[in-house]
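Report on one structure; see the data block that follows.
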Amino acid sequence: MLIFTLRRLSLFTFTMLLLTILSFSLSFLFPGDSVINLSGEVNATAAQLVELNLEYKTDQNIVIQYFSYLSHVLTGDLGLSMASQSLITHEIAILLPATVELSLVALLIAMFFGIPLGFFAAIRHNKRSDNIILSVAMIGYSIPVFWLGLLAILLFSINLGWLPSAGKISLLFEIESITGIQFFDILLSDSPYKWQAFRDASAHILLPACVVAIAPATIFIRLSRTSMIEVLQTNYIKAAKAKGLSFKQIIIRHAIRNSLIKIIRHVGLQFANLVTIAMVTEVIFSWPGIGRWLIESISQRDYTAIQNGLLLLSCFIFIVHILIDFIYAALNPLARDN
Amino acid sequence: MAREKIYLEEVFPSPFMQHWLIFRKTPVAMIGFACFIFLTILAVFTPVLAPYSPIDGNINMLLLPPAWHDDGNVSFLLGTDELGRDMLSRLMYGSSLTFGLSFVIVIVSLVIGVVIGSLSALTTGIKSSFLNHFLDVILSIPSLLLAIIIVAIIGPSVSNTVGAIILVLIPQFVHVTRYAVKEEFRKDYVLASKLDGASSFRILYYSIFPNIVDRIMSQATLAQSAAILDIATLGFLGLGAQIPLPEWGAILANGLDLFYIAPWTVYLPGLSILFAVVSTNLVGEGIRHALKLRKES
Amino acid sequence: MNLLDIRNLTIELKTTNQNILAVDRVSLSMKEGEVRGLVGESGSGKSLIAQAIIGVLDDKWHVHADRFHWRGVDLLRLSFEERKALLSKDIAMIFQEPMACLDPTTTIGEQLSEAISSKQLSGFFWQKQKQRTSAIIKLLHKVGIKKHTECIKSYPHQLTEALCQRVMIAIALARRPILLIADEPTAAMESVNQGQIFRLLSSLNQLKNMSILLISHDLENITHWANTITVMYSGQFVEAGTTEQISKKPLHPYTKALVDSSPKSNLQLPPKSRLTTLPGSIPILQHLPIGCRLGPRCPRAQQACVKAPNVTSFHGHKVSCHFPMKEIR
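Chains as they are written, first to last, in the numbering used here: chain R, 121 to 458; chain S, 253 to 549; chain V, 110 to 438.
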């Protein structure tokens, strides 16, 4: 286990280094003065400019500049957003939990629907229901997510009026943002309208989360179907049949456990994919998350925001990856020597 | 009646022919293939086939619904948008942009990725583990995000989108090629060639490549569907094709403002994207199915 | 009365262009307390027969038989569920690679307790648990595993192959079967462990009068442990009889070749001479010869061999050949 941890830590540091180098070089690749790109002070006076240059050590060679950038990042100073002139760390601290919330709910929905459907398709392999599930999965996989989001808004918000189409929660509720994650905030706040707020927030998250969840759900269907078909053809399932166990018992007691173990790792790895889809969905549903902020910054040419937002987002995704690797290795001793 | 074949000949088709024969027998895959060919022909011959120009609009025919509606006009089969441009022609030109460009992207990144991948599979030691880690890092960032970033740096335009997506798809091909070549290297027939004295390059070219072509093809179809979706998404976000280029995602973004009065400007481009991606996926599924069946028999 | 009576069992695979008869009209019968060996090369269809008897074949195989009696009950008249219920009560099977036949994610103890049906236990819930544990320990002792606590808590990959095979036998014994089918139980083991497993099976046969159908490709090994032997080749029935008859007076050329190729019969050969074998190899499923499938390889084959031979019996020694070697010896 120790060697595994060390290898993962080394991978982590290596990646962080790479990501920071990439983000540092972005400040030179973007048009404009690199110092302004790094700090975000667009309206700096001449004196402030001199100060900034000293801070970021622009007069010395590039390695020292990189290290000064690194020290800024590690102390939490990511500069100001060029468009809004507020601290980037501040903005991200509010926006990132919203994206996490959306992605997690979508991941849960995708797992909850995708994996059992895949198992069901595998049990009825080569029969009609298998083919139907596969075709539906293929279409779900091919739909462009922004189109799906628009159609969903059209159908559920406008025509049927069941679910709201924008924002995290209705403006009538004033919930203090403590953790940043809506549902925890609602439960922690002492507003008298707790349960209505909860219901309202759930209604707001349902449609975007479902839209985000569709593509990963189809991937899960395919993954769990392949894994279950593989498990059903193994020798121990045959031996269990010969032992006299009924088919249902075999599935519940042996097959599901073995198939789940195979796919849990891939499920975790889909998180990155999910976050990207969530980014596009946020734009359509006006969900206040980091994806929408990043895309707006790109259209507004807010280079500091792009640079540091990118760094933080990739960091976050990579940390989640490593965590999942860890959890998987902790649960399954056979995976530790990979 | 005289029979031509008196002796039953045993025909042993090459692996590629075997795949093709199995592929031909799967009706769904053939339908996808037909649609794929249809889209390719459309993409190539659009300037000849399209009834109207995609850029100039007819001021008298603003926001016409499709021909099957009451207010529609049969000479504008799929209606017009807010500047009077014919939807059908726009979509046909868009196919050459979205679909045709994705094809080009896949071919370029395939060539580069396979070359890099096979060369890197021959290296061992520190270089190899460095490359491994590097690839892991790049592959863990989702392709759309990387593409958005690259476009953010070099500015939004169609050619930049193409370059960005090529850069993003290359690591996928490198990974697949590397994995496949490494796997084949462990097999005995490669060992036999090596013992015969073949150089690495010769082994690669004569022994290994014919055996991994199918895996690379399957990855190519996956990459193409991803490329189509990425081009469309970038176009939708305003980072790809700029006005007035009729790329499908950009058409969709255009029609967004008039969603309620003219929903067909949103439905139709989305349907075209869906059609293109589904046919690519069907072809890919057919290839993978043929691969699986051939391995079993 | 015969325990198991199968006549003309045929197992075929329907592919798109042809019907492949993987097992072609094989007859098998077993008496109580008998150890019968089923011998054949790999690819001769013996595992298919075993799986067909116990009913774990996939849907792609089609099984027909003229007669399929178990203890007098005609199984062909019953429905699939009834047949399965009847057979799983009385027949148990152990497989070739025991470690692959145990679920890698459950402990041995759990897998053993699954095999013990709750009808054999009595009493209340907590009493049943204790009874289950004591039953498991008894089973493990019966197959010769003394360190039962360690064994119960471990996972299959932590045990050796021989130990896993003993666990499989224990699982098979849990239902107190009348017939145990052993499908090449020792193929993945060294000879020391092989001897142990065979001794265990033999003691089970003698002490509990349990019949065993021993499937193997090693004729010499089988002659040591089995009472009667059936020989198969490429899905067809070749010869059947007592061990004495088969090893001393083989009537079919194939059996004779098998007996001759064992090291014991080659002891008299001068040094540096070729060992006696039958040239060629077993035909593949796509290109099965018509009639007697040994035809292309058989040294005594003649024109009549393109028609499949019938079974003739000489004092209980059945052989399926147009030209059996009854004149010689």
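Ideal Cβ placement from N, Cα and C applies to all residues, glycine included.
Not one beta carbon of chain R lies nearer than 8 Å to the beta carbon of His-427(S).
With respect to chain V, the C-beta atom of Tyr-423(R) has no partner C-beta closer than 8 Å. With 16 or more neighbouring CB atoms inside 10 Å of its own CB, Gly-199(R) falls in the buried class.
Three or more Cβ pairs closer than 8 Å define a contact, and the segment 373–392 of chain S meets that threshold against the segment 423–436 of chain S. Just so you know, the alpha carbons of Ile-437(R) and Pro-336(R) end up roughly 16 Å apart.
In the three-state reduction of the DSSP assignment, Met-202(V) falls in the strand class.
Distance check between Gly-152(R) and each of Leu-270(R), Ile-370(R), Asp-422(R), Thr-133(R) places Asp-422(R) closest, using alpha-carbon atoms only. For His-326(V), the secondary structure class from DSSP, reduced to helix, strand or coil, is coil. Asp-133(V) carries a strand assignment under DSSP once its states are collapsed to helix, strand and coil. Bounds of the beta strand (DSSP E) holding Leu-113(V) are 113–123.
In the DSSP assignment, Thr-485(S) falls within the alpha helix (DSSP H) that extends over 461–488.
With a threshold of 8 Å between beta carbons, Asp-199(V) makes no contact with chain R. Per DSSP, the beta bridge partners of Phe-423(V) are His-426(V). Taking a beta-carbon distance threshold of 8 Å, Gly-364(R) counts as an interface residue toward chain V. DSSP places Gln-205(R) in the coil class of the three-state scheme, outside both helix and strand.
Within the same chain, Ser-370, Asn-375, Leu-378 come within 8 Å of Leu-384(V) by CB-CB distance, once the 5 residues on both sides are set aside.
With a contact defined as Cβ atoms closer than 8 Å, Ala-241(R) and Leu-254(R) qualify at about 7 Å. Near chain V, meaning a CB-to-CB distance below 8 Å, no residue of the segment 243–257 of chain R qualifies.
For Gly-409(R), the number of other beta carbons within 10 angstroms of its own is at least 16, and it is reported as buried.
With a 10 Å radius around the Cβ and a threshold of 16 neighbouring Cβ atoms, Val-366(S) comes out buried. The Cβ atoms of Leu-504(S) and Pro-521(S) lie closer than 8 Å to each other. Contact between Leu-432(R) and Ile-214(R) does not hold, since their C-beta atoms are separated by about 13 Å, which reaches or exceeds 8 Å.
At least one beta carbon of chain R lies nearer than 8 Å to the beta carbon of Gly-522(S). For Leu-194(R), the closest alpha carbon among the candidates Thr-140(R), Gln-316(R), Ile-339(R) is that of Thr-140(R).
By DSSP's assignment, Tyr-342(V) forms a beta bridge with Gln-345(V). With respect to the 8 Å criterion, Val-428(S) and Ile-460(S) are not classified as neighbours on the basis of their beta carbons. Measuring C-alpha to C-alpha distances from Ser-531(S) to each of Phe-275(S), Pro-267(S), Ala-281(S) identifies Ala-281(S) as the nearest. In the structure shown, Val-326(S) falls within a coil segment according to DSSP collapsed to helix, strand and coil.
Inside the segment 283–361 of chain S, DSSP marks whole alpha helix (DSSP H) runs of 4 or more residues at positions 339–346, from first to last along the chain. Ranked by how close their Cα comes to the Cα of Gly-407(S), the residues Gln-420(R), Ile-444(R), Ala-425(R) have Gln-420(R) in first place. Rounded to the nearest whole angstrom, the CA to CA distance from His-431(V) to Ala-410(V) is 9 Å. Counting C-beta atoms within 10 angstroms of its own C-beta, Thr-375(S) has fewer than 16 neighbours from the protein chains shown and is therefore classed as exposed. In terms of Cα proximity to Tyr-356(R), the closest of Arg-406(V), Glu-206(V), Thr-119(V), Gly-181(V) is Glu-206(V). Along the segment 139–170 of chain V, the positions whose C-beta sits under 7 Å from a C-beta of chain R are Ile-163, Val-165, read in chain order. The beta carbon of Ala-224(V) sits closer than 8 Å to some beta carbon of chain R.
When secondary structure is reduced to three states using DSSP, Val-148(V) falls in the strand class.
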